[in-house]
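Residue 256 in UniProt numbering is what sits at position 256 of the sequence shown, and the numbering runs on without skipping anything. Cβ coordinates follow ideal geometry from the N, Cα and C atoms, glycine included. Below is one structure, written out as structure tokens; the observations come after it.
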Amino acid sequence: MPTLHDPFKSEIAQIVCAQLNQFAQESGLELQIAEQDVYNQLTVPPDFSLGKAALPCFLFAKAFKKAPQKIAQELAQSLNAKAHQLVEKVDCVNAYLNFHCQFEKLAESFSSAVKTGEYFKKELLKENEKDKVVVEYSQPNTHKAMHVGHLRCLVLGDAVCNLLEYAGNQVVRATYPGDLGTHVAKIIWYLTHPSKKELPKENQSSWLGQMYAEADEAFKQAKGTEQELEIKQNISEILNQLDNSAGEYFELWKETREWSLNYLKDIYKWLNSHFDIWYFESECHTPSKILVKKKFEEGFFIKDNGAIGIDLSPWKLGFAMFLKSDGNGLYLTKDLDLITRKFADPKVTKSIVVVDSRQKLHFQQLFKTAELMGYPQAAKSVHLSYETVNTEDGKPFSSRQLNGLQLLDLRYKMEEKVKNDYLERYRGQWTDEEIELTAKNITIGALKYGMLRVDNNTQINFSLEEWLKLDGETGPYLQYVHARCTSILDKLGQPKDKIKFILNEAAEKELLFILSRFNDFALQASLQNRPSILTGYLYDTAKSFNRYYELCPIKNAEENIKETRLALVQNTQKIISEGLSLLGIHSPEKM
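Here it is, written out as structure tokens:
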């Protein structure tokens with residue numbers, strides 16, 4: 001359960017609890033209503049005019065042996081007879097209580113907390129609810145170029161980590177590149193057959209991506225021909241050298257692997273992503289088979305038709321195979337070794353693995369096996385699944401078909417478009433460095449927001465034109481609203497430290513209330529591992545701000561009203577900046 005971090009809801013929980021416990025005492029009932037229970041039941045009415053929080057009274061009916069409508073009436077009458085800090089009045093509607101807010105008091109406390117930064121440091125989780133989590137995400141295969149479809153896993157993982165940390169958890173960011181396997185052996189084969197290809201001195205990652213596509217096509221052409229058997233023998237020899245860490249194929253693998261890793265690091269640096277731990281498939285390959293054989297000797301695993309695994313049918317997960325009858329491992333084998341590495345730190349309480357939805361059974365079997373091996377953390381672990389990213393016409397991106405813009409190409413294309421469409425007009429007013437940095441930040445904002453605004457379990461159709469628009473639900477739109485707030489404050493000045501808040505207009509009150517709910521949305525996004533909850537909130541906030549700015553003039557308003565409105569601009573600026581930061585997006589000062 002979250003902490004009582006929202007001041008308005010917290011006051012409601014406090015006064016309702018006090019009144020209910022007084023009712024219980026007067027009635028001779030041995031009851032103790034907890035503030036947390038009331039806090040958790042509070043919702044937001046569908047219509048802003050009905051109030052800012054609603055409480056259903058059904059949950060009290062059994063304890064008090066009264067109709068919920070009667071309880072609601074008595075509570076409203078008693079609460080309205082007293083003065084409160086943030087609650088202005090309470091309406092009774094059937095079995096519900098609707099709470100109205102004293103907006104000037106809310107503006108005073110909220111604006112102060114936002115201005116000092118204390119609002120963003122509130123404890124959102126209780127100590128016993130916090131985890132130390134290993135979040136594994138962005139598992140790119142080496143020897144391939146990353147395309148836009150690969151971004152979803154990286155961007156989703158980054159945002160989930162940020163949200164978990166914001167809520168109060170300790171996070172270990174881990175990546176697990178696939179630097180071994182048939183796809184790597186294919187490329188090594190293609191680079192050395194029928195003769196060794198000359199390795200490039202530059203643009204090595206793009207060249208490798210092209211080689212991967214050509215190697216895959218060569219495999220298809222050889223299928224069903226006499227050459228197929230010869231190729232399979234070559235592949236087997238390559239894999240054998242990689243297993244034994246020796247030979248000319250192994251040396252070529254090391255060199256080209258280094259190219260790939262440098263390329264990945266460049267991508268991560270550009271996107272402001274970082275990892276605390278890099279696990280590699282090659283590191284888990286041999287130890288994983290040793291681990292499975294050891295557990296088999298101990299009687300944990302069984303043999304079935306020569307294969308070693310575990311019967312998980314009591315949990316409706318079938319037979320999980322960890323070693324094939326020929327002694328070779330599977331992805332599940334290496335993942336078992338990987339999870340033991342993650343849980344080697346006794347302070348780690350769970351693992352989250354961000355992998356597409358096709359791997360559901362794989363991770364169910366993995367977590368259950370690890371739990372049965374004696375890792376209780378596995379029971380809390382999560383496979384955070386997501387759907388594919390497609391082209392505008394709905395076709396999945398593919399490294400084999402090269403139908404997806406490689407990320408470096410996409411980066412330059414988008415940054416050039418941003419400069420041409422939005423920033424060239426400032427050439428001469430801004431430095432070249434400012435233009436380049438702003439183009440980079442808008443491009444990243446467009447990509448990340450476009451990936452995150454869609455629910456994890458919904459497919460995404462990538463559209464460069466749509467995602468770069470300055471209107472609609474896009475990253476650049478939110479960045480523009482932040483820059484607009486900054487511009488207003490630069491022109492009209494920052495609000496004073498001490499303000500007599502006056503909020504007369506509905507647009508002012510609506511904006512303040514939406515802003516004050518930021519932590520609620522950030523917490524829910526964290527608890528559900530769904531950044532789309534936060535993106536939707538930020539978009540609603542931006543729309544509310546634009547309505548407010550259109551309807552509530554600032555420059556020539558009376559002094560106290562002007563200061564109030566400037567404070568709302570400042571609050572919006574800081575809330576959007578913090579929200580975008582949690583999504584991994586920079587907030588430009590000007591656009």
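Item	Value
Buried or exposed: where does Ile-444 fall if 16 or more other Cβ atoms within 10 Å of its Cβ makes it buried?	buried
Which same chain residues, not among the five before or five after Gln-365, have their C-beta less than 7 angstroms away from its C-beta?	Leu-312, Leu-317, Ala-320 and Leu-332
Would you mind stating whether Phe-501 and Glu-26 have Cβ atoms separated by less than 8 angstroms?	no
Would Val-38 pass as a contact of Ala-54 if the rule is Cβ separation under 8 angstroms?	no
Per DSSP, which residues does Trp-430 bridge with? Please list them.	Arg-427
Quick check: the region 529 to 537 against the region 117 to 126, are there 3 or more CB pairs under 8 angstroms?	no
Beta-carbon separation of Leu-515 and Asn-560 under 8 angstroms?	no
I'd like the list of long-range same chain contacts for Val-172, defined as Cβ closer than 6 angstroms, with 5 residues on each side in sequence excluded.	Val-134 and Asp-276
Along the chain, where does the beta strand (DSSP E) that runs through Ala-174 open and close?	170 to 175
Using 8 angstroms as the threshold, is the C-beta distance between Leu-42 and Ile-12 below it?	yes
Look at the alpha carbon of Tyr-477 and the alpha carbon of Asp-421, and state the distance between them as a whole number of angstroms.	14 angstroms
Should the region 468 to 477 be regarded as contacting the region 445 to 457, the criterion being three or more beta carbon pairs within less than 8 angstroms?	yes
Which stretch, first to last residue, makes up the beta strand (DSSP E) that contains His-84?	Where His-84 is concerned, there is no enclosing beta strand (DSSP E), given that its DSSP letter is neither H nor E.
Assuming Pro-56 is part of the beta strand (DSSP E), what are its boundary residues?	53 to 56
Drop a sphere of 10 angstroms on the beta-carbon of Gly-299, count the other beta-carbons inside from all chains shown, and report buried for 16 or more, exposed for fewer.	exposed
Taking only runs that begin and end inside the region 350 to 423, name each unbroken alpha helix (DSSP H) of 4 or more residues, in chain order.	360 to 372, 377 to 380 and 407 to 418
Rank Gln-14, Gly-309 and Asp-540 by C-alpha distance to the C-alpha of Val-481 and give the top, closest one.	Asp-540
At 3 residues or longer, what runs of the beta strand (DSSP E) sit wholly inside the region 289 to 347?	302 to 304, 307 to 311 and 319 to 323
Can you have a look at Gln-479 and say buried or exposed, based on whether 16 or more other CB atoms are within 10 angstroms of its CB?	buried
Buried or exposed, going by whether 16 or more other CB atoms sit within 10 Å of the CB of Lys-555?	exposed
Going by alpha carbons, who is nearest to Ile-352 out of Asp-47, Ser-138 and Asp-409?	Ser-138
Let me know the secondary structure DSSP gives Ile-238 once reduced to three states.	helix
At what residues does the alpha helix (DSSP H) containing Val-481 begin and finish?	475 to 492
At the level of alpha carbons, what is the spacing between Gln-77 and Ile-33?	19 angstroms
Is the region 320 to 330 touching the region 295 to 310, taking contact as three or more C-beta pairs under 8 angstroms?	yes
For Phe-99, name the three-state secondary structure that DSSP assigns.	strand
Should Leu-566 and Leu-489 be called a contact, given that it needs their Cβ atoms to be closer than 8 angstroms?	yes
Report the three-state DSSP secondary structure of Asn-504 (helix, strand or coil).	coil
In whole angstroms, what separates the C-alpha of Gln-524 from that of Glu-136?	21 angstroms
Give the C-beta separation of Ala-439 and Met-591 to the nearest angstrom, bearing in mind that I take them to be a contact with Cβ-Cβ under 8 angstroms.	Actually they do not touch by this definition, with Cβ atoms about 10 angstroms apart.
Here's a check: name, in chain order, each residue in its chain whose Cβ is nearer than 8 angstroms to the Cβ of Val-292, leaving out the five neighbours to either side.	Phe-301, Ile-308, Phe-322, Leu-323, Gly-329, Thr-333 and Leu-336
Whose CA, out of Thr-142, Leu-338 and Tyr-249, lies closest to the CA of Ile-290?	Leu-338
Within the same chain, show all residues whose beta-carbon is closer than 6 angstroms to that of Thr-142, passing over the 5 residues directly before and after it, in chain order.	Pro-177, Asp-179, Arg-257 and Ser-260
Excluding the five sequence neighbours on either side, which residues of its own chain have a C-beta within less than 8 angstroms of the C-beta of Ala-557, listed in chain order?	Arg-565
How should Arg-427 be labelled, buried or exposed, when 16 other C-beta atoms within 10 angstroms of its C-beta is the threshold for buried?	exposed
Taking C-beta to C-beta, are Val-184 and Trp-278 nearer than 8 angstroms?	no
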